[in-house]
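Asker: Take 6 as the starting number for the sequence shown in the working numbering and just add one per residue.
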Amino acid sequence: MIKRVLVAAVSLYLPVFGLGQTGQQPIRDNLQYTLQVPYPVEKIPAPKKGKIKNVILLIGDGMGLTQVSAGWVANRGQLYLEQCTHTGMSKTTAANKLITDSGAGATAMASGQKTIYHAVGVDTAGTDLHTLTDIAKRNGLATGIAVACSITDATPASFAANNIDREEEEEIATDFLNSNVDVLFGGGRRYFNNRKDQRDLLQEMNAKGYQVINSTAEFLSTRQAKVLALVEDGQLDTAPKRGTAFQKAAIHTLDLLKTNRTGFFALLEGSRIDDMGHMNNLPGVVEEVLDFDQTIGKVLQWAAKEGQTLVIITADHETGGLTLLDGDKGTGYVSGKFSTGGHSGVMVPVYAWGPGAEHFTGIYENTELFRKIQSLLRLRQRN
Numbered sequence: 006m007i008k009r010v011l012v013a014a015v016s017l018y019l020p021v022f023g024l025g026q027t028g029q030q031p032i033r034d035n036l037q038y039t040l041q042v043p044y045p046v047e048k049i050p051a052p053k054k055g056k057i058k059n060v061i062l063l064i065g066d067g068m069g070l071t072q073v074s075a076g077w078v079a080n081r082g083q084l085y086l087e088q089c090t091h092t093g094m095s096k097t098t099a100a101n102k103l104i105t106d107s108g109a110g111a112t113a114m115a116s117g118q119k120t121i122y123h124a125v126g127v128d129t130a131g132t133d134l135h136t137l138t139d140i141a142k143r144n145g146l147a148t149g150i151a152v153a154c155s156i157t158d159a160t161p162a163s164f165a166a167n168n169i170d171r172e173e174e175e176e177i178a179t180d181f182l183n184s185n186v187d188v189l190f191g192g193g194r195r196y197f198n199n200r201k202d203q204r205d206l207l208q209e210m211n212a213k214g215y216q217v218i219n220s221t222a223e224f225l226s227t228r229q230a231k232v233l234a235l236v237e238d239g240q241l242d243t244a245p246k247r248g249t250a251f252q253k254a255a256i257h258t259l260d261l262l263k264t265n266r267t268g269f270f271a272l273l274e275g276s277r278i279d280d281m282g283h284m285n286n287l288p289g290v291v292e293e294v295l296d297f298d299q300t301i302g303k304v305l306q307w308a309a310k311e312g313q314t315l316v317i318i319t320a321d322h323e324t325g326g327l328t329l330l331d332g333d334k335g336t337g338y339v340s341g342k343f344s345t346g347g348h349s350g351v352m353v354p355v356y357a358w359g360p361g362a363e364h365f366t367g368i369y370e371n372t373e374l375f376r377k378i379q380s381l382l383r384l385r386q387r388n
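1. Quick check: what's the CA-CA separation for E363 versus H91?
2. Can you grab the Cα-Cα spacing for the pair E292 / G239, in whole Å?
3. Measuring only the C-alpha atoms, how far is C154 from L235?
4. Measuring CB to CB, does V290 end up less than 8 Å from T319?
5. Using three-state DSSP, classify L233 as helix, strand or coil.
6. Take Q41 as the anchor and find which of N59, D66, L70, R81 has the nearest alpha-carbon.
7. If you measure from the beta carbon of A250 to each beta carbon in chain C, is any gap under 8 Å?
8. With contact counted as at least three CB pairs below 8 Å, one residue from each stretch, are the stretch 240–255 and the stretch 213–228 in contact?
9. Mind checking K58: buried by the 16 CB within 10 Å criterion, or exposed?
10. Taking all protein chains shown into account, do 16 or more other C-beta atoms lie within 10 angstroms of the C-beta of S161, making it buried, or fewer, making it exposed?
11. Taking the Cβ atom as the reference point for each residue, do G359 and T314 lie within a distance shorter than 8 Å?
12. Check whether the Cβ of L241 sits closer than 7 Å to any heavy atom of the ligand COA, and report yes or no.
13. Take T132 as the anchor and find which of K142, K119, E373 has the nearest alpha-carbon.
14. Looking at G126 and L134, is the spacing between their C-beta atoms short of 8 Å?
15. Rounded to the nearest angstrom, what separates T390 and L327 at their Cα positions?
16. Would you report the Cα separation of F197 and P288, rounded to the nearest angstrom?
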């Protein structure tokens with residue numbers, strides 16, 4: 006386990022979750038953190054240009070350039086993220102707001118259409134949209150979603166459900182009965198088996214052919230093609246308390262999906278960077294970014310062996326309006342401040358690695374991520 010140490014009294018954080026709202030006051034103006042023991046970053050050469058069989062989309066929820074920079078300084082000036090060969094910038098605005106939320110931001114990437122604030126998987130009129138998991142499945146690809154939050158939360162819901170309001174998580178849970186996503190890993194068990202309507206969606210998912218799993222250890226040992234792993238009632242624990250659970254679950258998701266000879270599309274989300282940003286918790290932000298980066302490293306190693314996998318890393322939006330005030334990449338010391346307890350409207354980075362990575366340079370709307378992935382996987386829209 007990597008040892009960390011806080012160099013300022015930063016434990017008295019109040020639970021200020023902005024849920025995308027702007028104007029929240031930061032809890033502290035000058036936060037400090039030091040990573041005591043960094044992790045090594047090995048060079049992972051990208052495969053030569055060739056056929057794209059699989060696409061892995063990694064979303065760092067709330068991860069802007071400053072969050073990446075804070076992790077880079079803390080880990081002594083090195084991240085696996087830097088292995089990516091091509092970079093771009095994504096505009097995150099929602100259809101009706103400059104500053105988006107995860108629902109509208111993820112829906113744009115999942116469907117190629119901008120939607121209204123707080124909507125998931127629907128257009129501005131509330132009409133259901135076909136998302137990348139829908140279209141990939143209809144084209145014979147396997148699909149998977151692994152997240153560190155509830156699978157009914159805004160980002161995963163945008164790829165597998167349809168609702169005008171991301172807060173309707175019990176309704177969103179019912180959509181997974183018809184989503185046909187092959188592998189699902191995350192939290193949110195209570196929305197399936199502790200519901201107001203008394204339905205047990207876990208039994209219903211099992212009747213549809215899913216192996217229903219309640220622990221990370223059980224998930225890591227399964228070889229089933231259709232899996233619903235809800236390992237917590239709510240979200241997974243924060244880093245570093247959750248250890249390597251999400252990192253291992255992400256790779257196991259890929260191992261399960263690769264058995265489909267046609268290929269796959271996978272969404273992997275470092276979900277809790279966003280939560281730490283809402284709390285203005287700088288140490289928490291850095292810990293989550295570093296856990297996400299180590300997940301990226303394992304994904305790149307996996308993809309390098311496979312050879313036909315495009316890896317894309319981006320964010321749905323930035324959270325907290327984080328600014329770095331000082332730091333020392335020789336010692337891993339970082340100092341910063343937040344300007345909001347909500348989201349900001351800045352563009353977010355896009356990183357790409359593997360065959361097709363060159364298509365992700367430039368500045369573009371977040372909807373273009375859908376179009377680029379659809380084109381590179383040669384996915385036809387089928388009714």
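C-beta atoms are modelled at their ideal positions from N, C-alpha and C, and glycine is treated no differently.
Please read all numbers here as calculations on a predicted model, not as lab measurements.
Answerer: Well, looking at it:
1. Here residue 363 refers to the residue found at position 358 of the sequence shown. Here residue 91 refers to the residue found at position 86 of the sequence shown. Approximately 6 Å between the Cα atoms of the pair.
2. Start at 1 with the first residue of the sequence shown, and residue 292 comes out as number 287. Start at 1 with the first residue of the sequence shown, and residue 239 comes out as number 234. About 20 Å.
3. Residue mapping note: residue 154 aligns to position 149 of the sequence shown, counting from 1. Residue mapping note: residue 235 aligns to position 230 of the sequence shown, counting from 1. A straight-line Cα-Cα distance of about 10 Å links C154 and L235.
4. Within the sequence shown, numbered from 1, the residue matching residue 290 stands at position 285. Within the sequence shown, numbered from 1, the residue matching residue 319 stands at position 314. No; because the gap between Cβ atoms is not below 8 Å, this pair is not in contact.
5. Counting from 1 along the sequence shown, the entry for residue 233 is found at position 228. Reduced to three states, the DSSP call for L233 is strand.
6. Position 36 of the sequence shown holds residue 41. Closest option to Q41, Cα to Cα, is R81.
7. The chain labelled as chain C is not found in the depicted structure, where only one protein chain is given.
8. Touching, yes, given that three or more Cβ pairs across the two stretches are closer than 8 Å.
9. Translated into positions along the sequence shown, residue 58 becomes position 53. Buried.
10. Taking the sequence shown and counting its residues from 1, the one referred to as residue 161 is at position 156. Here residue 161 is Pro; the residue named in the question, Ser, does not match the sequence. Label assigned to P161: buried.
11. By 1-based counting over the sequence shown, the position of residue 359 is 354. By 1-based counting over the sequence shown, the position of residue 314 is 309. It is a contact, given that the beta carbons lie within the stated cut-off.
12. The ligand COA is not among the ligands present in this structure, which contains no ligands whatsoever.
13. Here residue 132 refers to the residue found at position 127 of the sequence shown. Cα-wise, what sits closest to T132 is K119.
14. On the sequence shown, position 129 is the one that residue 134 refers to. On the sequence shown, position 121 is the one that residue 126 refers to. Taking 8 Å as the Cβ cut-off, L134 and G126 qualify as a contacting pair.
15. Residue numbering for the chain in the displayed model covers 6 to 388; residue 390 lies beyond these limits and cannot be assessed.
16. Sequence index remark: in the sequence shown, residue 197 carries index 192 (1-based). Sequence index remark: in the sequence shown, residue 288 carries index 283 (1-based). One C-alpha to the other measures close to 33 Å.
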